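Taken in order, these protein sequences are the chains called A and B. Residue 2 is where the first sequence starts when you use the working numbering, and the numbers rise one by one after that. Residue 2 is where the second sequence starts when you use the working numbering, and the numbers rise one by one after that.
Protein chains: 2
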Amino acid sequence: MSADLLSASSDDAMFAAVCDHARQAAVLGSIESLLGWDERTMLPVQGGTHRSDQAAALASLVHKQRTDPAQGDRIATLVGSSLAKNGPPAVRATIRILQKDFAKHARLPVQLVQTLAKTAVEAQQAWAAARAESSWQILEPWLVKMFALKAEQGACQRPDLDPYDALMDDYEPGARWQVIAPLFQRLRDQIVPLVQECVASSQRPNDAILKRLFPIADQQRFVREIASRIGFDFQRGRLDTTDHPFCSTIGPDDCRITTRWDEKFLPTALFGVLHEAGHGLYEQGLARQWFGLPQGEAASLGIHESQSRLWENMVGRSPAFWEWCFPLAQQMFPLALADANAAAMQRALLAVRPSLIRVEADEVTYNLHIMLRFSLERELVLGELRVADLPAVWNERFANDFGIRPSSDAEGVLQDIHWSGGLVGYFPTYTLGNMFAAQLMAEAQRQLPDLDGQIANGRFGDLLAWLQRSVHAHGRLLESEPLIEQACQARVSERWLMESLRNRYGPAHGLA
Amino acid sequence: MSADLLSASSDDAMFAAVCDHARQAAVLGSIESLLGWDERTMLPVQGGTHRSDQAAALASLVHKQRTDPAQGDRIATLVGSSLAKNGPPAVRATIRILQKDFAKHARLPVQLVQTLAKTAVEAQQAWAAARAESSWQILEPWLVKMFALKAEQGACQRPDLDPYDALMDDYEPGARWQVIAPLFQRLRDQIVPLVQECVASSQRPNDAILKRLFPIADQQRFVREIASRIGFDFQRGRLDTTDHPFCSTIGPDDCRITTRWDEKFLPTALFGVLHEAGHGLYEQGLARQWFGLPQGEAASLGIHESQSRLWENMVGRSPAFWEWCFPLAQQMFPLALADANAAAMQRALLAVRPSLIRVEADEVTYNLHIMLRFSLERELVLGELRVADLPAVWNERFANDFGIRPSSDAEGVLQDIHWSGGLVGYFPTYTLGNMFAAQLMAEAQRQLPDLDGQIANGRFGDLLAWLQRSVHAHGRLLESEPLIEQACQARVSERWLMESLRNRYGPAHGLA
């Protein structure tokens, strides 16, 4: 064998070893996911203390695996190898991303990782109690502790970045405040007048039809049918019940979504499931053979949210979807929907109404909820706002943005679990997801000219295949911005979201 | 400080460090329990492959923790310390047991531990397929592999013991074939004639009353009420549905039991839950502050089974229990039980009938099922019987013992999950548990003279408190034989089980 071939073969072996190690860390990480899923769906009331011990123990083992110096040495060797320079593009990107990940994890002290894991479990339990009693005092010390820990985490893991960007980068690699803030501002400048027009309209959608009696058992069959129909594979997933719907992946063939049920409001479960199943389709669409490696992992939370929002809003709140779905709904709920029709149903789903609770917000005002949190959490991380002042500032800014004021902290600053769980820098990914979703859907419609006709016939396979090709197949080899630009042949912009909102909400509110 | 005090204080610190380390291993072990529970209750059909990767990854981490040389050094130091000689009895016992555990684990190669964990998951999946199709061929190669692995495990971990004893010792520390075999033989010599008398009787119990319609939703309320009443704490536990009922502890405040339901046979769920809740009461009765240490862990599977069998059979099939329970049952199932009464219900539960399936067997013939498996598995481990010959030998011996012959392997050798899961040496603990249960109940009745009256009034607190004092509080500081002898002031014997069976099943079958 020539020296060149020898070195190439040892590079390949090194690359395989690095991948094995990363996969092993992902296997352990997937056990953490199970601990989290179980905590939110199954854990007995008094099991919380031990669960936080389990989470902390496992977090430190995962961290140890992720920062194993032997892996660091292998990666360093690879980075200098010809594979990193001349290998296939996917291999080069994998090496670059694993190097970045390793360096980030290696900068985090194990003690901090363990404390964060334990504090997240305990603070979320405090949050649940605080919200139940609408008592800010219960949560406040935990948020103080959590924001201090997060600031420390940000400073450790990315000393080269602004502390808020350092945290946001965990959820949206490459996202920077300097870019996101003006993008959001442009969106805001167009959403605020749209909300005002909708609210002022004399032809507002009537959603009484959605508030009839929809027996839970029938809803369960209905939403399972719809989730299956859009492509969610129940052989590789489950649907359970929680107060706060979520999607969690326990393994490449084990994606679990949850929803809540409201007997007197059909959209709660229906759109909860469309949303979470959208996340699930992304997870189930990732390349199984690359589990635990960048090519088999989600690109970012913004891209993840684009998949859920696309199915929930771009599909689920479209006239075409209801052409197909309405007869099915009427068959499942013959009493409630006897006198309804597809157009009335679809229009009923488009009522715009400023409201207090983010997760109950309509699609248009939703983004204002996100922007509020985005600015607050950045100020908290930078120390420009004190946790103690948060409830008052929240209520004041909320009243300013929405024209209404929370009557209690449970309806205000206590409504979200995110900050207690250590998810800081996470909120902006929701509105990024909305923008990506609209942009992807516009491009899918351009490339699949018959798409509306297919959806109106309950055929979702071409759309899903397009998403798999354009988004899922790339894993996280690209960051969200280049990924969207490659899929859509256009720069990321708020333009498509505003078009989609105006095209659906305008007519529903009788706007010109 | 004097030299003596200094050394005492460093011994204490060393003991604390050893305990911390053992607790940490137990925390990781409890995550393994969650993986197992989830696999049996929640896992999507296609999630099995990844679950076996998770189980193997975690098993090797747990093994690493349990065999950490630093812990070995600390234990060795402790064993030579004055604490091990003159410390409090519980401390001395803890040191001795941790030393034994450590040595056993340290003798197991990590590769074997990982292979066992992975094979157990895969073989159990093969077992499920084999049983569903009644196809021995599907299971056979997995059992060949598993018995080879188990023989290797036995030889590694206890080279000082007979290979079967080495495995049995995992489940029933201190149990030896030489002692158990003659004990079982004495029991068999008395059970066989009792079965013959019962079967030959002209006054057999009529169980038609149990085969009426018992709606599942009502059964769910009924069994939860009974489980709560005997003391199972649902704040620290759950009840779920599986084909094969089990009890699994995920943490000191997280004990999960399962049952199955049969709309047309009340005992399935009722006695399933009494049994599993009995296990659960033991787990919930262990000292929380000693979690992960011998003082807070179950003594053995035989002792564990004694707790489940005591509640299931000694309590649940007694006239006193039905005095209390029947009115509740009649209130829950007014249609099915309109014309019934407590005495008829209790008698209906005592029908003796040789049958093919262990888990459906009556209390008397049950032990014959166990003895069959006990002898077969020992011969398999010692190489006296080949896996390939197992189905034929099973059927032949079964026909000999029971006078009936399985019509398919699903009704024969494929019925139990144990061997595919690597549980070899486990079966005898069921019959040991039956004996311990009867002996404990006899002693409880002697020490609590009003016990029957209490049970007839639905008061179970004194009995539970006696079990907590006499059994639960000791953890595994004592092996099962001395534990029973201490609790009952008498040698372990089959005598009490035979008395209990004769006292209940004799009258029910009109025997003299």
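All C-beta atoms, glycine included, are put in the ideal place defined by N, C-alpha and C. Note that this is a predicted model, so its numbers are computed, not measured.
For A:H280 and A:L36, the rounded distance between their alpha carbons: In the first sequence, residue 36 of chain A corresponds to position 35, counting from 1. In the first sequence, residue 280 of chain A corresponds to position 279, counting from 1. Near 19 Å, if we compare the C-alpha coordinates of A:H280 and A:L36.
Below-8 Å beta-carbon distance, B:P216 vs any chain A residue: Counted from its first residue, the second sequence places residue 216 of chain B at position 215. Not one chain A Cβ lies under 8 Å of B:P216.
Buried versus exposed, by CB contacts within 10 Å (16 or more), B:L433: Translated into the one-based positions of the second sequence, residue 433 of chain B becomes position 432. By the 10 Å Cβ count, B:L433 comes out buried.
Three-pair Cβ contact test at 8 Å for the stretch 40-54 of chain B versus the stretch 243-259 of chain B: yes
Assigned secondary structure, A:T68 (DSSP; H/G/I helix, E/B strand, else coil): Within the first sequence, the letter at position 67 stands for residue 68 of chain A. A:T68: coil per DSSP, three-state reduction.
Minimum Cβ-Cβ distance from A:I32 to chain B less than 8 Å: Along the first sequence, read from residue 1 onward, the residue named residue 32 of chain A stands at position 31. Flagged as an interface residue toward chain B: A:I32, by a C-beta distance shorter than 8 Å.
First through last residue of the beta strand (DSSP E) which encompasses B:S249: Sequence index remark: in the second sequence, residue 249 of chain B carries index 248 (1-based). Here the beta strand (DSSP E) through B:S249 covers C248 to G252.
Per-residue contacts from A:V28 into chain B (C-beta, under 7 Å): One-based indexing of the first sequence puts residue 28 of chain A at position 27. Neighbours of A:V28 on chain B, chain order: D54, Q55 and A58.
Residues that A:D255 contacts on chain B, provided the C-beta gap is smaller than 8 Å: Taking the first sequence and counting its residues from 1, one reaches residue 255 of chain A at position 254. Under the 8 Å cutoff, chain B gives L44, P45, Q47, G48, H51 and R52.
Inter-residue spacing [alpha-carbon to alpha-carbon] between B:T259 and B:K105: On the second sequence, residue 259 of chain B is found 258 positions in, with the first residue counted as 1. On the second sequence, residue 105 of chain B is found 104 positions in, with the first residue counted as 1. Taken atom to atom, the span from the alpha-carbon of B:T259 to that of B:K105 is near 32 Å.
Contacts around B:R374, its chain only, beta-carbon distance under 6 Å, and the 5 residues preceding and following it disregarded: The residue you call residue 374 of chain B lines up with position 373 of the second sequence. Excluding sequence neighbours, B:R374 sits near F428.
Alpha-carbon spacing of B:E264 relative to B:P142, whole angstroms: Here the question's residue 264 of chain B lines up with position 263 in the second sequence. Here the question's residue 142 of chain B lines up with position 141 in the second sequence. Whole-angstrom Cα-Cα distance: 37 Å.
Opposing strand residues paired with A:T242 [DSSP bridges]: Numbered from 1 along the first sequence, position 241 holds the residue referred to as residue 242 of chain A. A:T260, per the DSSP bridge assignment.
Secondary structure of A:P417, DSSP reduced to three states: Taking the first residue of the first sequence as position 1, residue 417 of chain A is located at position 416. The question names Pro, yet the displayed sequence has Asp at residue 417 of chain A. Of the three classes helix, strand and coil, the one that applies to A:D417 here is coil, per DSSP.
Start-to-end residues for the alpha helix (DSSP H) that takes in A:G279: Taking the first sequence and counting its residues from 1, one reaches residue 279 of chain A at position 278. Unbroken alpha helix (DSSP H) run through A:G279: L267 to G286.
Between the CA atoms of B:D166 and B:L478 - distance to the nearest angstrom: The residue labelled residue 478 of chain B in the question sits at position 477 within the second sequence. The residue labelled residue 166 of chain B in the question sits at position 165 within the second sequence. C-alpha separation (whole angstroms): 20 Å.
Exposure of A:T242, with buried meaning 16 or more beta-carbon neighbours within 10 Å: The residue labelled residue 242 of chain A in the question sits at position 241 within the first sequence. With fewer than 16 other Cβ atoms within 10 Å, it is exposed.
Range of the contiguous alpha helix (DSSP H) that encloses B:P328: The residue you call residue 328 of chain B lines up with position 327 of the second sequence. Residues P320 to M333.
Between the CA atoms of B:M315 and A:A56 - distance to the nearest angstrom: Locating residue 56 of chain A in the first sequence gives position 55, where the first residue counts as 1. Locating residue 315 of chain B in the second sequence gives position 314, where the first residue counts as 1. Using only the alpha carbons, I get a separation of about 40 Å.
Minimum Cβ-Cβ distance from A:L35 to chain B less than 8 Å: Mapped onto the first sequence, residue 35 of chain A falls at position 34. A:L35 belongs to the set of residues whose beta carbon lies under 8 Å from a beta carbon in chain B.
A:F403: first and last residue of the uninterrupted alpha helix (DSSP H) it sits in: Counted from its first residue, the first sequence places residue 403 of chain A at position 402. Residues L391 to F403.
Minimum Cβ-Cβ distance from A:L62 to chain B less than 8 Å: Within the first sequence, residue 62 of chain A is the residue found at index 61, counting from 1. It does; some Cβ of chain B falls within 8 Å.
Endpoints, alpha helix (DSSP H) assigned at B:F103: Locating residue 103 of chain B in the second sequence gives position 102, where the first residue counts as 1. Unbroken alpha helix (DSSP H) run through B:F103: P90 to A107.
Contact with chain A by B:L423, beta-carbon distance below 8 Å: Position 422 of the second sequence holds residue 423 of chain B. Sequence inspection shows Gly at residue 423 of chain B; the Leu mentioned does not correspond to that position. Answer no: the Cβ-Cβ gap between B:G423 and chain A never drops below 8 Å.
Beta-bridge pairing of B:D255 - partner residues as DSSP gives them: The count along the second sequence starts at 1 and reaches residue 255 of chain B at position 254. Beta-bridge pairing links B:D255 to B:G252.
Cβ neighbour criterion (16 or more within 10 Å) applied to B:N368: Taking the first residue of the second sequence as position 1, residue 368 of chain B is located at position 367. By the 10 Å Cβ count, B:N368 comes out buried.
Pairwise C-alpha distance: B:E298 and B:C20: Stepping through the second sequence from its first residue, residue 20 of chain B is reached at position 19. Stepping through the second sequence from its first residue, residue 298 of chain B is reached at position 297. About 13 Å.
C-alpha distance - A:Y289 paired with B:Q125, whole-angstrom precision: Position 288 of the first sequence, counting from 1, holds the residue named residue 289 of chain A. Position 124 of the second sequence, counting from 1, holds the residue named residue 125 of chain B. What sits at residue 289 of chain A in the sequence shown is Arg, not Tyr. A:R289 and B:Q125: Cα-Cα distance of roughly 23 Å.
Minimum C-alpha distance to A:S481 - residue among A:R354, A:S421, A:Q332 and A:D170: In the first sequence, counting from the first residue as 1, residue 481 of chain A sits at position 480. That would be A:D170, whose Cα lies nearest to the Cα of A:S481.
Beta-carbon spacing of A:D463, A:Q469 below 8 Å: Here the question's residue 463 of chain A lines up with position 462 in the first sequence. Here the question's residue 469 of chain A lines up with position 468 in the first sequence. No.
Neighbour flag for A:R516 against chain B, beta carbons, 8 Å: A question about residue 516 of chain A goes unanswered here, because the residues of chain A that appear run from 2 up to 513.
Residue nearest to B:E226 in terms of C-alpha spacing, selected from B:A466, B:H475 and B:G459: Start at 1 with the first residue of the second sequence, and residue 226 of chain B comes out as number 225. For the residues B:A466, B:H475 and B:G459, the minimum Cα distance to B:E226 belongs to B:G459.
contact_flag[the stretch 170-182 of chain A, the stretch 293-309 of chain A] where n(CB pairs < 8 Å) is 3 or more: yes
Buried versus exposed, by CB contacts within 10 Å (16 or more), B:G81: The count along the second sequence starts at 1 and reaches residue 81 of chain B at position 80. Answer is exposed; the Cβ neighbour count stays below 16.
B:S135 in three-state terms, based on DSSP: For the purposes of this step, residue 135 of chain B is identified with residue 134 of the second sequence, where counting begins at 1. Residue state, collapsed to three classes: coil.
Short CB-CB distance (under 8 Å) between B:Q236 and chain A: To locate residue 236 of chain B, count along the second sequence from 1; it is residue 235. For B:Q236, the answer is yes, since a Cβ of chain A falls inside 8 Å of its Cβ.
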